[in-house]
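Numbering (my numbering), first residue to last: 351 to 544. Idealized CB from N, CA, C, for every residue including glycine. Computed from a predicted model, the values in this text were never measured in an experiment.
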């Protein structure tokens, strides 16, 4: 990511990984609070604090790298559009200097525009502004979609995890019911009701 190789897919994966890491740290924090032994609880709390700081630093570094990548892309877009534009400022000044001697013949041309705002030798700044706004909008939309996808992945991961926990709980309840001596008929009735 720091080398500039951060496409949308990689950014989405990093966002998902950071979200999963945050959930793991929260789980570890809740387990640390439930620890009965004081020494172990304090040790776990210091680990949680260290993990939270490292997670915060990683998220900041990711945001900085993402912002730098976006800035570089924007500068590349502006740089390439101005260098490849046929109406760049250097080209327009040299063309206006070449046409200065026969300016009157140009004004008498039958193809000359009657529009006083038409300036053939000036760069199309409104087009560049529009292209920049469009690029910025598309970039923001792309980032929003990446965040939605990352959030969806995180939710799906949570649902899969909850499904596994519920299956385990159901299995333990059925084992406990068997141990207590409930008949197979009663257990089947309970399973059908759930």
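Taking a 10 Å sphere around the C-beta of residue 526, we find fewer than 16 other C-beta atoms and assign the residue as exposed. In the DSSP assignment, residue 381 falls within the alpha helix (DSSP H) that extends over 358-383. The criterion of a C-beta distance shorter than 8 Å is not satisfied by residue 375 and residue 410. Counting along the chain, the unbroken alpha helix (DSSP H) around residue 536 starts and ends at 534-543.
By the 16-neighbour rule on beta-carbons within 10 angstroms, residue 495 is exposed.
For residue 382 against residue 395, the beta-carbon gap comes to about 5 Å, under 8 Å, which counts as contact. It is roughly 16 Å from the alpha-carbon of residue 542 to the alpha-carbon of residue 516. Within its own chain, the residues whose Cβ lies closer than 6 Å to the Cβ of residue 492, once the five positions on either side in sequence are excluded, are 358, listed in chain order. In this structure, the beta-carbon distance from residue 365 to residue 497 falls below 8 Å. Within the model, the alpha-carbon separation for residue 399 versus residue 424 is close to 37 Å. Burial state of residue 380 is exposed, judged by a 10 Å Cβ sphere holding fewer than 16 other Cβ atoms. Restricting attention to 419, 392, 390, 367, the CA atom closest to the CA of residue 405 is found in 367.
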